Amino acid sequence: MSDLLDLARGITERAADGEEVEAYVTHARDFSVKAYDGEVESLSSSEPRGAGVRVLLANRIGFAYTTDLTYEGLDWALGRARGNARHATSDDALAFAPPWEEPVADVPGLVDELQSSVAPDDKVAFAVELEQATRAADKRVRTVEESVYADSDVEAAVATSSGIAASYRETDAWCYSLAIAEDGDDTEVGFDFDLGRGIGELDAQSTARRAADRALGVLGATKIQSARMPVVFDPYTAGQFLGVIAAALTGEAVQKGRSLFAGKLGQEVAAANVSLVDDGRVPGAPGSSPWDAEGVPTSRTEVIRGGVLQSFLYDVVSARREGRASTGNAARAGFKSAPGPASSNMALRSTGESRDDLLAKAGRALYVQDFHGVHSGANAVSGDFSVGVTGRLLDNGVLGRPVKEVTIALPMLDILAGVVAVAGDMRWLPFGGSFGGATTLIAEMTVAGA
1 MSDLLDLARG
11 ITERAADGEE
21 VEAYVTHARD
31 FSVKAYDGEV
41 ESLSSSEPRG
51 AGVRVLLANR
61 IGFAYTTDLT
71 YEGLDWALGR
81 ARGNARHATS
91 DDALAFAPPW
101 EEPVADVPGL
111 VDELQSSVAP
121 DDKVAFAVEL
131 EQATRAADKR
141 VRTVEESVYA
151 DSDVEAAVAT
161 SSGIAASYRE
171 TDAWCYSLAI
181 AEDGDDTEVG
191 FDFDLGRGIG
201 ELDAQSTARR
211 AADRALGVLG
221 ATKIQSARMP
231 VVFDPYTAGQ
241 FLGVIAAALT
251 GEAVQKGRSL
261 FAGKLGQEVA
271 AANVSLVDDG
281 RVPGAPGSSP
291 WDAEGVPTSR
301 TEVIRGGVLQ
311 SFLYDVVSAR
321 REGRASTGNA
331 ARAGFKSAPG
341 PASSNMALRS
351 TGESRDDLLA
361 KAGRALYVQD
371 FHGVHSGANA
381 VSGDFSVGVT
391 GRLLDNGVLG
401 RPVKEVTIAL
411 PMLDILAGVV
421 AVAGDMRWLP
431 FGGSFGGATT
441 LIAEMTVAGA
């Protein structure tokens with residue numbers, strides 16, 4: 001990591017009079033293997049590295065990136081960023097992260113030190129085991145569409161001409177399986193995953209069993225009669241719902257008129273028992289890091305407390321537009337992109353019930369384990385939420401008849417206002433962000449079926 005930090009510092013040290021320079025340098029080692037029918041279907045290994053350079057000049061920012069980390073390559077990127085800044089729009093809110101007032105503490109558990117010694121053959125064997133275990137879970141599992149093992153080992157460094165200079169490393173490993181179960185003419189799909197900092201934290205057998213069970217559990221699913229009834233999101237769909245509203249909880253989304261929460265700061269936006277927290281320093285969570293993509297120390301932000309909207313999530317620029325400090329929520333897609341605000345690890349706080357107690361409290365309800373059409377049916381600007389679902393009917397805490405081809409609908413603010421309970425079975429979902437999904441009971445939604 002010292003090499004990356006030296007490269008980042010070397011770029012910022014070339015800042016000319018009247019300009020500020022920021023460098024973001026990463027080096028990743030990525031591996032992925034997909035198994036099918038006991039064999040390797042595909043395998044990839046890559047080692048992308050590069051630098052993203054931003055130049056701030058007279059209230060204008062220019063950005064450029066390069067994969068050439070030689071002196072000449074970095075000099076080219078710096079020159080291109082300077083040129084882009086001269087043609088950019090002037091904006092008084094533009095700035096880089098301020099220097100740290102004190103050292104930033106590391107986030108524990110970001111690296112599994114054993115992961116670097118895991119051989120490719122062992123990773124392949126894991127993927128094959130996952131695929132075979134999914135098939136073997138039940139004779140009705142006709143095939144496994146995908147069984148994947150993947151990991152990454154990423155080093156990142158950031159430096160600014162104003163004095164920030166830091167680096168960190170993180171390892172991640174994850175797997176998932178997509179089971180297809182068949183009974184007569186009925187075919188259903190079940191998906192599940194596992195994640196950790198290294199392969200030693202993953203369990204192929206449990207992941208396979210869960211994926212198969214999700215498919216098997218909805219075999220024979222049919223429509224139900226349309227009704228207004230309680231709805232329970234399982235941890236997977238609860239996390240997906242958080243992913244939808246997270247896009248509307250950044251300061252930038254509000255400033256651009258792209259948020260259903262615009263104008264509601266300090267107002268009740270959820271039930272009194274709802275607290276929503278974003279925390280970039282949770283040990284073991286996928287979105288944790290000591291500092292964000294601009295070099296601002298990460299932190300814990302209470303977005304909703306007791307049903308009241310307390311704060312949005314900010315990067316440096318969106319915070320300056322409101323005279324605030326960044327909440328440490330800048331993110332990048334990698335060195336090839338400039339930063340923008342996003343959630344880190346977002347989760348609803350449990351209301352204290354166990355999953356079993358919550359299911360019993362729900363009475364007769366629809367238990368939802370899959371959304372369909374979220375991208376078209378959920379709108380974080382208008383707040384509309386109308387999606388197709390697959391799941392089970394719930395009666396007095398017991399999961400019964402499987403259900404499909406129904407739609408649930410209710411404005412998102414009404415969903416938040418209708419949260420009755422959040423169980424303590426939260427798990428992190430790393431898809432499209434890091435969201436902590438837990439079994440969640442909504443008082444009532446429109447269920448459109450037969």
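Number 289 in my numbering belongs to position 289 of the sequence shown; there are no gaps in the numbering.
C-beta atoms are modelled at their ideal positions from N, C-alpha and C, and glycine is treated no differently.
For clarity, every value in this text was computed on a predicted model and none was experimentally measured.
Contact annotation: the region 128–146 touches the region 195–213, with at least three C-beta pairs closer than 8 Å. With contacts defined by Cβ atoms closer than 7 Å, arginine 49 and phenylalanine 63 do not form a contacting pair. Going by beta carbons, valine 21 and serine 161 fall inside the 7 Å limit. According to the DSSP assignment, phenylalanine 126 belongs to the alpha helix (DSSP H) that extends over 120–136. Partner residues in the beta bridge of tryptophan 291, as assigned by DSSP, are Pro297.
Of the other Cβ atoms in all chains shown, 16 or more fall within 10 Å of the Cβ of tyrosine 24; this residue is therefore buried. Listed as beta-bridge partners of methionine 445 by DSSP are Met229.
The region 285–294 makes no contact with the region 220–240: fewer than 3 CB pairs, one atom from each, lie closer than 8 Å. By the neighbour-count criterion, in which 16 or more other beta carbons inside 10 Å mark a residue as buried, valine 317 falls on the buried side. Only residues of its own chain outside the window of five on either side were considered, and among them Asp395 have a CB closer than 6 Å to the CB of arginine 364, listed in chain order. Judged by their CB atoms, alanine 179 and glycine 190 are nearer to each other than the 7 Å cut-off. If you draw a straight line from the Cα of methionine 412 to the Cα of leucine 358, it is about 21 Å long.
In the DSSP assignment, histidine 87 falls outside any beta strand (DSSP E) and carries neither an H nor an E. Closest in C-alpha terms to alanine 319, from the list Ala77, Leu94, Tyr65, Glu41, comes Leu94. Between glutamate 322 and glycine 243 a beta carbon distance of about 24 Å is seen, past the 8 Å cut, so the two are scored as non-contacting.
Between the alpha carbons of arginine 142 and tyrosine 176 lies a distance of about 17 Å. For aspartate 414, the closest C-alpha among the options Leu429, Pro230, Glu405, Gly280 is that of Pro230. Residue Leu69 holds the alpha-carbon nearest to the alpha-carbon of alanine 51 among Leu69, Leu57, Ser44. Within the region 25–70, the beta strand (DSSP E) runs of at least 3 residues that lie entirely inside it are, in chain order, 39–46, 49–57, 60–66.
Across the set Asp172, Ser226, Thr67, the C-alpha of Asp172 shows the shortest separation from the C-alpha of glycine 109. Here threonine 439 has Val232, Phe233, Asp234, Pro235, Ala238, Arg355, Leu358, Leu359, Val422, Ala423, Asp425 as same chain residues with Cβ atoms under 8 Å from its own Cβ, once five neighbours each way along the sequence are excluded. Proline 235 sits in a helix when the DSSP states are folded into three classes. Straight-line spacing of the CA atoms in isoleucine 245 and threonine 407 works out to 19 Å. A contact is defined here as three or more CB-CB pairs under 8 Å, and the region 6–13 fails this definition with respect to the region 110–128. Beyond the five residues adjoining it in sequence on each side, tryptophan 291 comes within less than 8 Å, by CB distance, of Val104, Val158, Ala166, Tyr168, Pro297, Thr298, Gly328 in the same chain, given in chain order. Rounded to the nearest angstrom, the Cβ distance from arginine 140 to glutamate 182 is 6 Å, consistent with a contact under 8 Å. Note that the C-beta distance between histidine 27 and glutamate 155 is below 7 Å. Residue environment: aspartate 185 is assigned as exposed (fewer than 16 neighbouring CB atoms within 10 Å of its CB, all protein chains considered). In the DSSP annotation of this structure, the continuous segment of the beta strand (DSSP E) that includes glutamine 369 starts and ends at 364–372.
Taking alanine 380 as the centre and dropping the five residues before and after it, the same chain places the C-beta of Val244, Ile245, Ala247, Ala248, Ala253, Arg258, Ser259, Leu260, Met412 closer than 8 Å to its C-beta, in chain order. About 7 Å separates the beta carbon of glycine 18 from that of leucine 57, a gap short enough to meet the 8 Å contact definition. In this structure, the straight-line span from the alpha carbon of alanine 443 to that of glycine 418 is close to 5 Å.
With a minimum length of 3 residues, the unbroken runs of beta strand (DSSP E) contained wholly in the region 411–437 fall at 419–422, 427–429, 434–437.
Relative to serine 275, the option among Ser337, Glu294, Tyr314, Met346 whose CA is nearest is Met346.
Within a 10 Å sphere around the beta-carbon of arginine 281 sit 16 or more other beta-carbons, which makes this residue buried.
Cα atoms of asparagine 273 and threonine 351: separation of roughly 7 Å, rounded to the nearest angstrom.
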